[in-house]
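The opening residue of the sequence shown carries number 240 in the numbering used here; numbering runs sequentially from there.
Virtual Cβ for every residue (Gly too), placed ideally from N, Cα, C.
Below: the structure, in structure tokens.
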Amino acid sequence: MAARLSASDGSHVVSEPHLRTVVVLAAGEGKRMKSSLPKVLHPLLGRTLLGHVLSAAEPLAAQRTMVVVGHGADQVRAHLAEVAPSVTAVHQAEQLGTGHAVRIALEAVPEAAGTVVVLNGDVPLLRPETVAALVAAHEGERAAATVLAAEVPDPTGLGRIVRDAAGRLEQIVEQRDATPGQLAIREINAGIYAFDAARLRDVLGKLSTDNDQGEEYLTDVFGLLVSAGEPVAVHLAADHTETLGCNDRVELAGLRRLLRDRVNEGWMRAGVSLLDPATTWIDVTVALDRDAVVDQNTQLQGGSVVGSGAVVGPDVTLIDTVVHAGATVLRSHAVGAEVGPGASVGPYAYLRPDARLAEKSKVGTFVEVKNSELGAGAKVPHLSYVGDATIGARANIGAATIFVNYDGVNKSRTVVGEGAFVGCDTNLIAPVEVGAGAYVAAGSAISNDVPPGALGVTRAPQRNIDGWVARKRPGTVSAEAAERALQGASSQVPAASEGEAIHGTAESVGAVTEAGDTATE
């Protein structure tokens, strides 16, 4: 139903409560943050302070959302273009108070009618449900203005809600302008309001700068409306922590802890196991499935997703990474990666952007993977770099294998076929392909393709120079040990002739390669 309110000329103006405009105040400098970054752009579990506030207002389905910018305006505009391109930025060149900020916002949209919702840009814990309840109460009571209030343990620094003897709102008084009696009030103004657009426009033009700051206080609107006999209301927040803002980095850290606890509690009640919630940090943009397990000292950031039955942690950071059902990620760091169902990562692995691990594949200890795909059941167990590669199903990559992908100008790709076996300490020099079922001997540097089922070998003959330690390292522990060993063996093994002092042939190398181990698992 439309609300009927008196206009300044004695006529009546009909407002349409279902028409809504959101105004977010984000022009302040935030001096106490001591930062080149505008206060409202400081990050907090996946969003900026401003981003959290915009998210809280989103369910209102407002016809328009406006953000008043001032200090760091270009930075704030750039952020809005990235996260909320439909939002309109209005520049407040001089910060002359909250009333002035709202006035210039409404001047930019003279057609705005219905309900105007005003939010501070630094209250990131505000819930959408609380904003919706405020607006519903305001429109339901047909009020000219409604303020969100909260009962707080310590109201220092906050505006007070001053009521009359009947409990009705009389005025809102800022801390610096409050009397000693008003300072004792613990019901505070949260800086979040709903107004009737027509009445707000009328009263904003009557604001005075006769106060300690010499500014136009938006809170003075309430006193003017009360004096004019207009209905005003107070809506009390169920949880006062939602109304907390921050003025410095200490307070920001406090908000971060509160939001962490809220997020973690929500996931645990949804069926996710957090083994140590105090050391688990989950961005509000992360998604987890029921029966996922998150161990201690774990950070889940950005658009990360953890599937049902997956185990992540301890000591894991995931950024924009998907971990599918039943996978395990242990003591590792991943950015823009995908870990397939039942796959295993870590400990101490690094998955860089576009690392894709298929079902039941493995990336083990001290392995780095970048822009590469591992097929189902493929293994890179330890001490290897995999860059710009495609590794087939059930292939095994031995320890200390390097996919040599960069020649200083271009990056090239390596393909390892299904069921291939690459020996330890191998360099695969891209572009190159190791065929399906092929083997590569340990210690090889492969720059030509290895056909399917073939053995690729690049290895110089081994040379053993007898007596080298005694001649070059006399008196050392090694020399003494060698002498004892030689003396003990001299009675059983005939001494080598001078012509046999250097051993090893190409044929013997091939025999060793085929008989000995070439990789590890």
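- For the region 273-341, the full-length alpha helix (DSSP H) segments reaching 4 residues or more read 288-296, 312-322 along the chain.
- With a cut-off of 8 Å on Cβ pairs, the region 462-475 is not in contact with the region 492-506, counting fewer than three such pairs.
- If the five residues before and after A332 are omitted, its C-beta is found closer than 8 Å to the C-beta atoms of G309, all from its own chain and listed in chain order.
- Annotation for P419: the continuous alpha helix (DSSP H) segment containing it runs 419-422.
- The alpha-carbon separation between A718 and L622 amounts to approximately 32 Å.
- One alpha carbon belongs to K609, the other to S683, and they sit about 22 Å apart.
- In its chain, beyond the 5 residues on either side, L539, S543, A573 have a beta carbon closer than 6 Å to the beta carbon of L557.
- In this structure, DSSP gives N503 a helical state, which the three-state scheme calls helix.
- Here N428 is bridged, per DSSP, to A388.
- Collapsing the DSSP output to three states places H479 in a helix.
- Checking the DSSP bridge columns, you'll see T354 partnered with R259, D435.
- Secondary structure at S466: helix, using DSSP grouped into helix, strand and coil.
- In terms of Cβ geometry, F461 and I411 form a close pair [threshold 8 Å].
- Shown here for R712: same chain residues with a beta carbon closer than 8 Å to its own, the five before and five after excluded, namely A718 in chain order.
- The alpha-carbon of A296 is positioned some 16 Å away from that of E378.
- Of all alpha-carbon atoms in P690, A517, E598, L694, the one lying nearest the alpha-carbon of A680 is that of L694.
- By the neighbour-count definition (other C-beta atoms within 10 Å, threshold 16), L345 is a buried residue.
- The Cβ atoms of N503 and T519 lie closer than 8 Å to each other.
- The residue among P580, I400, E368, I431 with its C-alpha nearest the C-alpha of H563 is P580.
- Around the beta-carbon of D435, 16 or more other beta-carbon atoms lie within 10 Å, marking it buried.
- Assignment of G379 by DSSP, reduced to helix, strand and coil, places it in the helix class.
- DSSP places K609 in the strand class (E or B) of the three-state scheme.
- For V401, the enclosing beta strand (DSSP E) stretches over residues 399-402.
- Between N428 and R271, the CB-CB gap reaches or exceeds 8 Å.
- Distances from the CA of V401 to each of E409, P394, V716 were compared; the closest alpha carbon is that of E409.
- A direct Cα-Cα distance of roughly 27 Å separates E455 from L299.
- When rounded, the separation of the alpha-carbon atoms in V619 and P516 is 32 Å.
- As computed with DSSP, I630 is found in a beta bridge with L613, V655.
- Looking at the backbone, the Cα of L397 and that of E413 are separated by about 7 Å.
- By the criterion of a C-beta distance shorter than 8 Å, A301 is surrounded in its chain by R259, T260, V261, V356, once the five residues flanking it on both sides are discounted.
- Straight-line measurement puts the Cα of V329 at about 7 Å from the Cα of M305.
- Following the DSSP letters along the chain, one finds Q535 in no beta strand (DSSP E), marked with neither H nor E.
- Exposure of I704 is indicated by the presence of fewer than 16 other C-beta atoms within 10 angstroms of its C-beta.
- According to the DSSP assignment, A724 belongs to no beta strand (DSSP E) but to the alpha helix (DSSP H) extending over 716-729.
- Per DSSP, the beta bridge partners of T519 are T537.
- With respect to the C-alpha of T653, the residue from T640, T629, R633 having the closest C-alpha is T629.
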